[in-house]
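Student: Start counting the sequence shown at 409; every next residue gets the next number (our numbering).
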Amino acid sequence: MDRTNLYIFLMLCIVPIFKSQGQHTDKKVPITEVLEHITNEHAIIFNYESSLLEDVTVIPLPQDLSLSAKIKNLEKQSDLIFEKVSDLVYSIYKPLRLCGYLKDSELNLPLLGATIKSKSFYAFTDENGYFEIDLKSSTDLLTIRHIGFKTIEQVASFFNLDNCETIVMTEEKQAISPIVITGYIVRGIDKRQDGSTSIDYSEFTLLPGLIESDVLQTVQALPGVMSVDETVSNINIRGGSHDQNLILWDDIKMYQSGHFFGLISGFNPHITQTATVITNGTDASLSDGVSGTIDMQSNKHLESTFNGSFGVNLLNADLFLDVPLNVKSSVQIAARKSTDELLRTPTYETYFDRVTQDTEAQNNVENVSNSNQEFDFYDTSLRWLYKPSDKDEIRLNFILINNELNFDETAVLNGKLETRTSNVSQNSIAGGINYKRTWNSNLSSTLHIYNTDYKLQAINANVLAEQRYLQENTVSETAIKLENLYQLNVWKFILGYNFVESEVVNLNDIDLPRFVRRDEEVLREHAAFGQAWYNDSNTGLSIRGGIRANYLTKFETLIVEPRFGILKTIGNYIEVEALGEFKHQNVSQIVNFQNDFLGIEKRRWQPTDNDSIPILRSKQASLGVLYKNKGWLIDARVYYKHVDGITTQSQSFTTKYEIVKEKGSYDALGFECLFRKNFNNFSNWLSYSYITNTYTFDTLEEIEFPSNFDITHSISVGSTFSNEHWNISAGLNYRTGKPTSIPEQGNEIIDDNVNFDQANTNRLQDYLRIDASALYKFKLNNSLRSEIGASVWNISNRENAINNYYRINQNDDVNKFTRYSLGLTTNAVVRLYF
């Protein structure tokens, strides 16, 4: 046989062999045989119903495939779903398929781009509103979302699994203002059409010096909002004192705002989703807050999956849980506790020294020593959301805030060592219920009911006099508000009623000699309000006007307050805004003596008596121009504000007029400007505020003089870098010094009192602070992510004077005392999200 015939012979022999092998490979076998082989080879287990795999056959798998490749091959051949439960266990399902058409309830038109999501699959609707989605079982929870419509969450069995049915989505109509500018300073801070500024903490990046989304620290980044003493319990909006701010947490008025007696916010940042700052043009449904409003809200979305977080920094530890109870209800719980009992960090020590600076807790009288200083704070928040139907929504809120400082005072009496404990505590407890009924696509009604209780208490144990001095200031307030919203095309109408009852009690109790004084006042107010809002996006014109009529039963006084807002878009880049409002306030803070409550917290709430403590009334108007183009933003506005009914006791005088009790007013004329430029992952901004803030007290020696909150110039410069993993921010804050009075040179003392020169003609040293912070975010696995961060406050360790006062010593000389802000302060955080 020659070589050519040999090749032909070999080919004829080999081809049948390959053909035989190919026929064997293509022959299908029961899938159970293949699963058994995979189980033995890879030491895994398959869970499934026995009837599921009957009559299911597959082509045997090549031996060299990996486990994951074999699973994918079997899924493709069998149309079954293999779910990895663990490294050793796989579950097998036969998928169900749901199809349908999404349409809107108003025009019955198809909805394009809606998302339909189950735990393992998702789909989108096409131009006909049609979708198909695979399901593991009829008990799978489906979430259907579309922008501008109410989210639908139902188990799959709720829908028709046999036919493609039409599913109707209801338009989501909320009484919130549309966004005009996103990323007003950094991402998450937005400017709204009603002139307010909104902070969404789910989108928030970072600001200099912060590693937590502290609500009341964040709002101070806005032009016109600052704190003259660097605390969140003394926020000054356009020259007003802190008590002139309305602070709301889920529609509940709060009379306490801070932990560490004001150094950090008392509101847990992880349950607070948004915060809205209103400086003018307040909605007619809101009262109080003659200077401004800070409205915090928790998440109102009904979550379908469990999630939470746990974090620790150098001041406190916190926990947040969002727990779905069923498809119609979920609960959010947040708690925070100081770590001092376990470990007192240098950061904690710095904060403690700042709180007790120049107070009896730090410096006692001669022959008395202080020891065992302990400080503790905690807060707890709860939000329960229940949606019994598409038309009804019930929300329940609860919050508890507590601060407590204790220390021992020790002295030698009659040859024996005597020790007594002094303490000061500040706490709030509040609860509210909110019921919303959507009658139809145009009309909805909301009922708010809340009760809030605030208590400030101090026990001053005078060891030398063997005396105990008890001071208490309590506020208990109950309110009911019914609000009706009607929306039709470009119009929105609000009509409602509001009732508020406020009880304020002040107690002074001395055991030796026995003295008790308890003052209790109750105020009741009824209000009716209405508002109309015309908003035409085609013409770029928005006009909002409202009126609120308030009746104080105790004084038989009617107060009518108009409010308005106008916004007009000119071209593509320019917007002009005009805002105005009249407001009033019945409860304010006063200082009786600088050593009240051990000097830790001197201010106590006091209701108006319509005489020596007048009703606070304000008038304000502002005009602004906004330019935005190619990442540039310029926002400039001028304003004028007049507030009548203030008292010297409410304005935190520590020098001249410290013990005077007179009433007057103040006028604030100001200019605010913000420049912001975004490029790539950077947000860069510069804000500037100018104000002339002047008191008028007709009965004082100087009738007109600068306000204690007359911070003439204030500048903030900063930059934030943000990407998938990093948030890095740095910035500088500068402002002119706070006005103050000094003793008259050469004639410092008259009648054993400090003789001051003209009021507030001098100023403290200018304030300058440089801050930086960084956060790094990373994923641990598919269900766990984490972040670590660090911050530095006042990098240059500058001594910023925030207040001063004068006292006469035993040698009849005048001593000057100065309180300073925080020096160089570091913090760090580790947080886990699950």
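Note that the Cβ used here is the ideal one computed from N, Cα and C, for glycine as well. Here the structure is a predicted model, which is why all the values come from computation and not from measurement.
I believe Pro-1114 touches Asn-1168 by the beta-carbon criterion, under 8 Å. Please report the beta-carbon distance rounded to the nearest angstrom.
Tutor: So it is a contact: roughly 4 Å between Cβ atoms.
Student: Could you have a look at Glu-561 and say whether DSSP puts it in helix, strand or coil?
Tutor: Glu-561: strand per DSSP, three-state reduction.
Student: Compute the Euclidean distance between the alpha carbons of Arg-1239 and Tyr-1184, then round it to the nearest angstrom.
Tutor: Distance between the alpha carbons of Arg-1239 and Tyr-1184 is about 10 Å.
Student: Just to confirm, is the Cβ distance from Asn-946 to His-992 under 8 Å?
Tutor: Not in contact: Asn-946 and His-992 (Cβ atoms no closer than 8 Å).
Student: Quick check: the Cα distance between Ile-702 and Asn-734, rounded to an integer number of angstroms?
Tutor: One C-alpha to the other measures close to 33 Å.
Student: Where does the unbroken beta strand (DSSP E) through Arg-1250 begin, and where does it stop?
Tutor: Since the first and last residues shown for the chain are 409 and 1242, residue 1250 lies out of range.
Student: Which residues in the same chain as His-934 place their Cβ atom closer than 6 Å to its Cβ, once the five residues preceding and following it in sequence are excluded?
Tutor: So the qualifying residues of the chain are Phe-907 and Tyr-959.
Student: Counting pairs of beta carbons, one from the region 708 to 721 and one from the region 634 to 651, are three or more of them closer than 8 Å?
Tutor: No, the region 708 to 721 does not touch the region 634 to 651.
Student: Name the DSSP bridge partner or partners of Asn-643?
Tutor: The sequence as given places Ile at residue 643; Asn does not occur at that position. Looking at the DSSP assignment, Ile-643 forms a beta bridge with Ser-635.
Student: Count the CB pairs spanning the region 1133 to 1146 and the region 615 to 634 that are closer than 8 Å, and state whether there are at least three.
Tutor: In short, these stretches touch, since the Cβ pair count reaches three.
Student: In its own chain, which residues sit with a C-beta less than 6 Å from the C-beta of Arg-1084, not counting the 5 before and 5 after it?
Tutor: Taken in chain order, the residues that qualify are Leu-1041 and Trp-1093.
Student: Tell me whether the beta-carbon of Leu-488 lies closer than 8 Å to the beta-carbon of Tyr-509.
Tutor: In this structure, Tyr-509 does not lie closer than 8 Å to Leu-488 by Cβ.
Student: Check Phe-972 in the structure and name its three-state DSSP category.
Tutor: In this structure, Phe-972 counts as strand in the three-state DSSP scheme.
Student: Out of Ala-451, Val-995, Glu-874 and Ser-1058, which has the shortest C-alpha to C-alpha gap to Asn-822?
Tutor: The shortest Cα separation from Asn-822 among Ala-451, Val-995, Glu-874 and Ser-1058 belongs to Glu-874.
Student: Rounded to the nearest angstrom, how far is the Cβ of Ala-1180 from that of Leu-722, given a contact under 8 Å?
Tutor: In fact, because the Cβ distance is near 16 Å, the residues do not count as touching under 8 Å.
Student: Given a threshold of 16 other Cβ atoms within 10 Å of its Cβ, counted over all protein chains shown, does Glu-638 qualify as buried or as exposed?
Tutor: Glu-638 is buried by the Cβ-count criterion.
Student: Tell whether a beta-carbon distance below 8 Å holds between Gln-740 and Asn-780.
Tutor: Their beta carbons are not under 8 Å apart, which means Gln-740 does not touch Asn-780 by this criterion.
Student: To the nearest angstrom, report how far apart Leu-832 and Ile-809 are at their CA atoms.
Tutor: Here residue 832 is Val; the residue named in the question, Leu, does not match the sequence. Their backbone Cα atoms lie some 14 Å apart in a straight line.
Student: To the nearest angstrom, how far is it from the Cα of Gly-704 to the Cα of Asn-571?
Tutor: Note that residue 704 corresponds to Met in the displayed sequence, not to Gly. Their backbone Cα atoms lie some 45 Å apart in a straight line.
Student: Here's the rule I'm using: 16 or more other beta-carbon atoms within 10 Å means buried, otherwise exposed. How should Phe-1005 be labelled?
Tutor: Buried is the call here.
Student: From His-1121 to Glu-1195, what distance separates their C-alpha atoms?
Tutor: So the alpha carbons of these two residues sit roughly 37 Å apart.
Student: Which of helix, strand or coil does DSSP assign to Gln-1173?
Tutor: Looking at Gln-1173 - three-state DSSP - the assignment turns out to be coil, as it is neither helix nor strand.
Student: Below 6 Å CB to CB, which residues in the same chain sit around Tyr-538 once its five sequence neighbours on both sides are set aside?
Tutor: Closer than 6 Å at Cβ, skipping near neighbours: Tyr-509.
Student: To the nearest angstrom, how far is the alpha carbon of Leu-813 from that of Ser-621?
Tutor: Going by the C-alpha atoms only, they are around 25 Å apart.
Student: For Leu-966, which of Lys-525, Asn-994 and Leu-506 has the nearest alpha-carbon?
Tutor: The candidate whose alpha carbon is nearest that of Leu-966 is Asn-994.
Student: Can you tell me whether Thr-551 is buried or exposed, with buried defined as 16 or more other CB within 10 angstroms of its CB?
Tutor: When all chains shown are included, Thr-551 counts as buried.
Student: Give me the DSSP bridge partner(s) of His-1050.
Tutor: Partner(s): Lys-1027 and Asp-1075.
Student: Are the region 1049 to 1057 and the region 1020 to 1033 touching by the rule of at least three beta carbon pairs closer than 8 Å?
Tutor: Contact between the region 1049 to 1057 and the region 1020 to 1033 is present, because at least three Cβ pairs lie under 8 Å.
Student: To the nearest angstrom, how far is it from the Cα of Val-588 to the Cα of Asp-495?
Tutor: So the alpha carbons of these two residues sit roughly 50 Å apart.
Student: Mapping DSSP to helix, strand and coil, what is Tyr-756?
Tutor: Reduced to three states, the DSSP call for Tyr-756 is helix.
Student: Compute the Euclidean distance between the alpha carbons of Gln-429 and Ser-565, then round it to the nearest angstrom.
Tutor: Note that Gln-429 has pLDDT 41, beneath the 50 cutoff, so the model's placement of it is unreliable and no number is given.
Student: In the structure shown, what three-state DSSP assignment does Leu-506 receive?
Tutor: Note: Leu-506 maps to strand in three-state DSSP.
Student: Which of the three DSSP states, helix, strand or coil, is assigned to Lys-824?
Tutor: Note: Lys-824 maps to strand in three-state DSSP.
Student: Since Glu-449 is in the alpha helix (DSSP H), which residue starts that stretch and which ends it?
Tutor: Note, Glu-449: alpha helix (DSSP H), 439 to 450.
Student: Once the 5 residues before and after Leu-1232 are set aside, which same chain residues still bring their CB inside 6 Å of it?
Tutor: Asn-1202 and Asn-1205, listed in sequence order.
Student: Should Asn-1211 and Thr-1062 be called a contact, given that it needs their Cβ atoms to be closer than 8 Å?
Tutor: Cβ distance < 8 Å, so Asn-1211 and Thr-1062 count as in contact.
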